[in-house]
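Visitor: Dumping the structure here so I can ask a few things about it.
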Amino acid sequence: MKESKRQRRQNLVKKLVQGKGEPVELVTLLNGLLDSGLAQHEIMDEMVGCFLEIRDAFRQKVFPPHYTQTEFISAFQEVAQNRGIPVDRFHSKLLERIMLETESGDGLKTSAKLPTRERVLEAALSVFSEKGFHVATMDEVAERAGVGKGTLYRYFANKDTLFNELVRQRLEELENKARTILDGEDDALTMITKYLRVYFEFFDRNQNLYRLIVQERIDIGVQVQDLYLKQVMRRIPVLRRKVYEASRSGLLKPLDFQTVFYGVMGFIHGVIQKWLANACSYPLADELPSVLEVLFHGFVSSSKVEEDVN
């Protein structure tokens, strides 16, 4: 099956994360990505798309610390020049795309510009969050989305179907970001740290979605949580292998992986619940240092352990 543009760009990021991170590597990968048969404007569009994908990866802290955005910018400029594209023209195209993102709300299209199906999903999240799943009606979702009730039912047979698709689509975004990290070559502790950061930042941006998944007591809740765990578990075999390797080397204790995994996820969601109880008044990522400290070192001071032993 032919890769989509988005998949090609995500694979570019993945290769960069797994490689040495040298600018010449990005130049080589970009040149390999850009088909020689493309027209100049198509090359420029693809380069802008790749640039924005890398920018988003930097925002998610996917890259190791030694990667610098300045080096990546220089690499894009070099590729543009090699393809006969004036650097200032590439910059203009890039700024134009960024300005369009800004006008439409930090990278998201405005409701009026979204395709009907996406507009319905956005409206559903808004209505379900405000009124609760049980109280909200399909009529209210249709009104918020600016579509007729008949149009709404052509896309979604009932409220349960609509809710399930809303959760599935949003969790796919989390799974795509996690894939780059969990398919990488980092050691177990680095991989866990990066994943938790992406996890917290995702729910920081999707507070209403988290409330709907966890707090709404609805009949399809079990199905939704099963879907949620399946998305999280999809990339777990790689992490399991990393943890096993770390156990064999003595870095981690030889504990049952699944027991620890579910225990850790329960702890993390307890931290998120605390954040919700505080009205999300601070960035959820602020909790990461404390979470990592407990996960990696426990919460009993080493001096106390030594005292009890003696």
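For the sequence shown, the numbering used here begins at 105 and goes up steadily by one.
Yeah, the Cβ is synthetic: ideal placement off N, Cα and C, and Gly gets one too.
Anyone know if the C-beta pair for L133 and K118 falls short of 7 Å?
Guide: Mapped onto the sequence shown, residue 133 falls at position 29. Mapped onto the sequence shown, residue 118 falls at position 14. No. Outside cutoff.
Visitor: When the Cα of D264 is compared with those of A249, V245, A282, which residue comes out closest?
Guide: Residue mapping note: residue 264 aligns to position 160 of the sequence shown, counting from 1. Nearest C-alpha to D264 among A249, V245, A282: V245.
Visitor: Do you know how far the Cα of G250 is from the Cα of L130?
Guide: For this step, residue 130 is matched to residue 26 along the sequence shown. For this step, residue 250 is matched to residue 146 along the sequence shown. Distance between the alpha carbons of L130 and G250 is about 44 Å.
Visitor: By the three-class DSSP mapping on this structure, what secondary structure does H238 have?
Guide: Within the sequence shown, the letter at position 134 stands for residue 238. Note: H238 maps to coil in three-state DSSP.
Visitor: Can you tell me the Cβ-Cβ gap for F237 and F267, rounded? I've got them flagged as a contact below 8 Å.
Guide: Numbered from its first residue, the sequence shown carries residue 237 at position 133. Numbered from its first residue, the sequence shown carries residue 267 at position 163. At roughly 6 Å, the Cβ-Cβ gap stays under 8 Å, so F237 and F267 are in contact.
Visitor: L396 and F304 - do their beta-carbons sit closer together than 7 Å?
Guide: Taking the sequence shown and counting its residues from 1, the one referred to as residue 304 is at position 200. Taking the sequence shown and counting its residues from 1, the one referred to as residue 396 is at position 292. Contact flag unset, no.
Visitor: Starting from the C-beta of Q181, find all residues in its chain whose C-beta is less than 6 Å away, skip the five residues before and the five after it, and write them out in chain order.
Guide: If you number the sequence shown from 1, residue 181 lands on position 77. The answer, listed in chain order, is V191.
Visitor: Please report the straight-line C-alpha distance between G370 and C384, rounded to a whole angstrom.
Guide: Working through the sequence shown from its first residue, we reach residue 370 at position 266. Working through the sequence shown from its first residue, we reach residue 384 at position 280. Taking the straight line joining both Cα atoms gives about 19 Å.
Visitor: If you follow the alpha helix (DSSP H) that R187 is in, where does it begin and where does it stop?
Guide: The residue labelled residue 187 in the question sits at position 83 within the sequence shown. Segment: none, R187 is in no alpha helix (DSSP H) and carries neither H nor E.
Visitor: I'd like the span of the alpha helix (DSSP H) that includes G153, first residue to last.
Guide: In the sequence shown, residue 153 corresponds to position 49, counting from 1. Its alpha helix (DSSP H) spans residues 144 to 163.
Visitor: Assuming Q173 contacts F162 (C-beta within less than 8 Å), just tell me the rounded distance between them.
Guide: To locate residue 173, count along the sequence shown from 1; it is residue 69. To locate residue 162, count along the sequence shown from 1; it is residue 58. Their Cβ separation, rounded to whole angstroms, is 6 Å, which keeps Q173 and F162 in contact under 8 Å.
Visitor: Could you work out which residue in C154, E146, I147, G141 is closest to Q114 when comparing CA atoms only?
Guide: Along the sequence shown, read from residue 1 onward, the residue named residue 114 stands at position 10. Answer by Cα proximity: C154.
Visitor: Give me the Cα-Cα distance between A227 and R248, rounded to the nearest whole angstrom.
Guide: Locating residue 227 in the sequence shown gives position 123, counting from the first residue. Locating residue 248 in the sequence shown gives position 144, counting from the first residue. If I take the Cα positions, the gap works out to 6 Å.
Visitor: Is the CB-CB distance between L275 and L225 below 7 Å?
Guide: If you number the sequence shown from 1, residue 275 lands on position 171. If you number the sequence shown from 1, residue 225 lands on position 121. Taking 7 Å as the Cβ cut-off, L275 and L225 do not qualify as a contacting pair.
Visitor: List the whole-angstrom C-beta distance separating P307 from K281, where the pair is believed to meet the contact cut-off of C-beta under 8 Å.
Guide: Taking the first residue of the sequence shown as 1, we reach residue 307 at position 203. Taking the first residue of the sequence shown as 1, we reach residue 281 at position 177. One detail in the question is off: residue 307 reads as Phe in this sequence, not Pro. 12 Å between Cβ atoms; not a contact.
Visitor: Is the separation between the beta-carbon of F58 and that of I202 shorter than 7 Å?
Guide: Nothing in the structure corresponds to residue 58, since the chain is present only between 105 and 414.
Visitor: Exposed or buried, R258, counting other C-beta atoms within 10 Å across all chains shown (16 or more means buried)?
Guide: Here residue 258 is taken as the residue at index 154 of the sequence shown, counted from 1. Exposed: under 16 other Cβ atoms inside 10 Å.
Visitor: Among E277, L256, I147, which one has its Cα closest to the Cα of N310?
Guide: On the sequence shown, residue 310 is found 206 positions in, with the first residue counted as 1. Nearest of E277, L256, I147 to N310, Cα basis: E277.
Visitor: Around the Cβ of L199, are there at least 16 other Cβ atoms within 10 angstroms (buried) or fewer (exposed)?
Guide: Within the sequence shown, the letter at position 95 stands for residue 199. With fewer than 16 Cβ atoms within 10 Å of its Cβ, L199 is classed as exposed.
Visitor: Pop quiz: V166 and K346 are said to be a contact at Cβ under 8 Å. What is the actual Cβ separation, rounded to whole angstroms?
Guide: Here residue 166 is taken as the residue at index 62 of the sequence shown, counted from 1. Here residue 346 is taken as the residue at index 242 of the sequence shown, counted from 1. So it is not a contact: roughly 16 Å between Cβ atoms.
Visitor: Leaving out five residues before and five after S351 in sequence, what residues of the same chain have Cβ atoms less than 6 Å from its Cβ?
Guide: Stepping through the sequence shown from its first residue, residue 351 is reached at position 247. If we look at S351 and ignore the five residues flanking it on each side, its Cβ neighbours are P358.
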